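Visitor: Per the working numbering: the sequence shown ends with 998, consecutive numbering throughout. Even for Gly, the Cβ is constructed at its ideal location relative to N, Cα and C. Since this is a predicted model, take the numbers as computed values, not measurements. Mind looking over this structure? Questions follow.
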Amino acid sequence: MSAPAPSPLAIVDAEPLPRQEEVLSETALAFVAALHRRFTPRRDELLARRAERRAGIARTSTLDFLPETAAIRADDSWQVAPAPPALEDRRVEITGPTDRKMTINALNSGAKVWLADFEDASAPTWENVVTGQLNLIDAYTRSIDFTDGRTGKTYALRPNEELATVVMRPRGWHLDERHLTDADGTPVPGALVDFGLYFFHNAKRLLDLGKGPYFYLPKTESHLEARLWNDVFVFAQDYLGIPQGTVRATVLIETITAAYEMEEILYELRDHASGLNAGRWDYLFSIVKNFRDGGPRFVLPDRNAVTMTAPFMRAYTELLVRTCHRRGAHAIGGMAAFIPSRRDEEVNKVAFEKVKADKDREANDGFDGSWVAHPDLVPIAMESFDRVLGDRPNQKDRLREDVDVKAEDLIAIDSLDARPTYAGLVNAVQVGIRYIEAWLRGLGAVAIFNLMEDAATAEISRSQIWQWINAGVVLDNGERVTAELARKAAAEELADIRAEIGEEAFAAGNWQQAHDLLLKVALDQDYADFLTLPAYEQLQG
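Next comes the structure, spelled out in structure tokens:
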């Protein structure tokens, strides 16, 4: 007797979209349903474990390498699987959402890799979730083009051999997809929706193109979460009859807890791992979140004062390079978020020099590649890595055995000689309001003050306001940070925006809503784990 048909997933509270049946086919939804049935209960257990671990940090104000996995760290014999040819050279990676114009521009950018982002650079409206998948399908079948309705400019793909390799980033484990539910009305985790639809439609097609289904895994907090992803990959490859080890995953080490489990994360994914990435803003956000009640020694200064040369950040990046190269994995550096100005060449000159210095440092430290947010930065980053790598695809043979990072080095926040400023508070409020307003309109990657901001920068902004208030921080101008001071700065920013864009545009936007939401997540005593959770409740579409 054959097994009963799986319960179908229901599409709820979503307006039908053009061509959605190509993405949400019966067979594709059956695959996502199978992932959901098998893996969501474990996802739920791991989210509960996050809360338990956070409670432990609140009690002890410390972290250490795990004693129970010491044998994995001590064992020199294991390595991750060799990189496939399409991922051997990753010296420059461009990041961005999967809208149609960005898809073409990123693939054409000259970067080796495009991080096609369904996570922090994408607000998860149903339209973004579904059409983003369509755009990638169209790119692989070379049926994608785009005409800008405002300028009339047309965009088309270059020849296949000139296109960036796609590494797709699904949503983190904590986010659900409210528009896709099972028979009990339980939403499917966004991670499984994004991964499942992409893998189902594109895995075999990518193999035919000489590439494969490659993924960036965000917001990972432990090796057990990496183990869950590995089991998802094994199941998915079996389901579609694809050879085991076809999937490759790069894990973002963007939480402080994951920084203590880098080797274990690579070990759990070793048949599917291709590297680790140093994600700066989410990493700082995670430090604030986990040590928010740890007292003055964990207070971060203005976010722009926390450069990658800060001692605790240097410990993190050097440990990442050493760990990756010891295990045969790529070490990928952080984001250059500058957006060139079309009007101010002096701004560009100063910024390009900073980008060059940052990429030179990463290449010289042993990183195999790095991120940029804009095509104009690709040549700058490429030059930095070309100078160090030459004709070699990477420098994984540079083992960095000189690096010796102790557990306490990763959380030595007070080793940084910088203090919070009033300008830093104002900037956090400005970025928070402006980013959230755009996110509520369905935009996840937003240019603000010549920087490409995404959800991670909004998270660090609101977290710093929260931390400074609760730690009673006194700023450089002598003012103590209070809820009242934050409200005053937010009211002034709202008035400035109204004056800047005009009454009509202000009324048409979500400015008051964004202001209120920022203050809620920055001022509530009960700290929200992720800004995007309450924001998703207000997101239309």
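#1: Does the separation of the CB atoms of I837 and K811 fall below 7 Å?
#2: Whose C-beta lies closer than 8 Å to the C-beta of V888 among residues of the same chain, with five residues either side of it excluded?
#3: Counting only runs of 4+ residues fully inside the segment 749 to 822, write out the alpha helix (DSSP H) ranges in chain order.
#4: Run the CB neighbour count on N821, radius 10 Å, all protein chains shown included, and call it buried at 16 or more, exposed below.
#5: Measuring only the C-alpha atoms, how far is H658 from T552?
#6: Can you tell me whether S1014 is helix, strand or coil according to DSSP?
#7: Give me the residue from E725, P539, G847, D602 with the minimum Cα distance to D556.
#8: If contacts are defined as beta-carbon pairs under 8 Å, then R705 and L544 qualify, I think. What distance do you get, rounded to the angstrom?
#9: Are the beta-carbon atoms of I958 and A943 separated by less than 7 Å?
#10: For D633 versus P644, is the C-beta distance shorter than 7 Å?
#11: Between the alpha carbons of T611 and A505, how many angstroms are there, rounded?
#12: Considering just the uninterrupted stretch of the alpha helix (DSSP H) at I722, what are its terminal residues?
#13: Only counting the same chain, and skipping five residues up and downstream in sequence, which positions put a Cβ closer than 8 Å to that of P991?
#14: Per DSSP, which residues does R937 bridge with? Please list them.
#15: If the criterion is Cβ atoms closer than 7 Å, does the pair A793 and L856 meet it?
#16: Check whether the segment 564 to 571 touches the segment 581 to 594, taking contact to mean three or more Cβ pairs, one atom from each stretch, closer than 8 Å.
#17: Quick check on the DSSP output: the alpha helix (DSSP H) that includes R510 runs from which residue to which?
#18: In angstroms with no decimal places, state the Cα-to-Cα distance between S679 and F522.
#19: At which residues does the beta strand (DSSP E) containing H636 begin and terminate?
#20: Strictly by DSSP, which residues pair up with T604?
#21: Please specify which runs of the beta strand (DSSP E), each continuous and at least 3 residues long, are wholly inside the segment 653 to 681, giving them in chain order.
#22: Output needed for S841: all residues of its chain with C-beta closer than 7 Å, excluding positions within five of it in sequence on either side, in chain order.
#23: Would Y773 pass as a contact of L709 if the rule is Cβ separation under 7 Å?
#24: Using 10 angstroms around the beta-carbon of E682, count the other beta-carbons present and answer buried if the total reaches 16, otherwise exposed.
#25: For a test of the three-state rule: what should DSSP assign to A947, helix, strand or coil?
#26: Can you find the residues in the same chain that come closer than 6 Å, C-beta to C-beta, to L726, ignoring five residues on each side of it along the sequence?
#27: Since I believe E775 is in contact with V862 (beta carbons under 8 Å), could you give me their beta-carbon distance rounded to a whole number of angstroms?
#28: With distance defined between alpha-carbon atoms, name the residue in G513, G929, A964, A971 nearest to V886.
Guide: Concretely, from the data shown:
#1: With contacts defined as CB atoms closer than 7 Å, I837 and K811 fail to qualify as a contacting pair.
#2: I905, F906, E910, T914, A915, S918
#3: 768 to 783, 802 to 822
#4: A residue is called buried once 16 or more other Cβ atoms fall within 10 Å of its Cβ, and N821, having fewer, is exposed.
#5: Within the model, the alpha-carbon separation for H658 versus T552 is close to 22 Å.
#6: This structure cannot speak to residue 1014, because the chain is shown only from 458 to 998.
#7: Measuring from the Cα of D556, the nearest candidate turns out to be D602.
#8: Right, the Cβ-Cβ distance comes to about 6 Å (below 8 Å), so this counts as a contact.
#9: no
#10: Judged by beta-carbon spacing, P644 lies within the 7 Å limit of D633, meaning their Cβ atoms are closer than that value.
#11: 48 Å
#12: 719 to 725
#13: L974, K977, V978, A985
#14: V931
#15: no
#16: no
#17: 483 to 517
#18: 11 Å
#19: 633 to 638
#20: T611
#21: 671 to 674
#22: K813, K816, D817, A820
#23: no
#24: buried
#25: helix
#26: A683, N687, A706
#27: 6 Å
#28: A971
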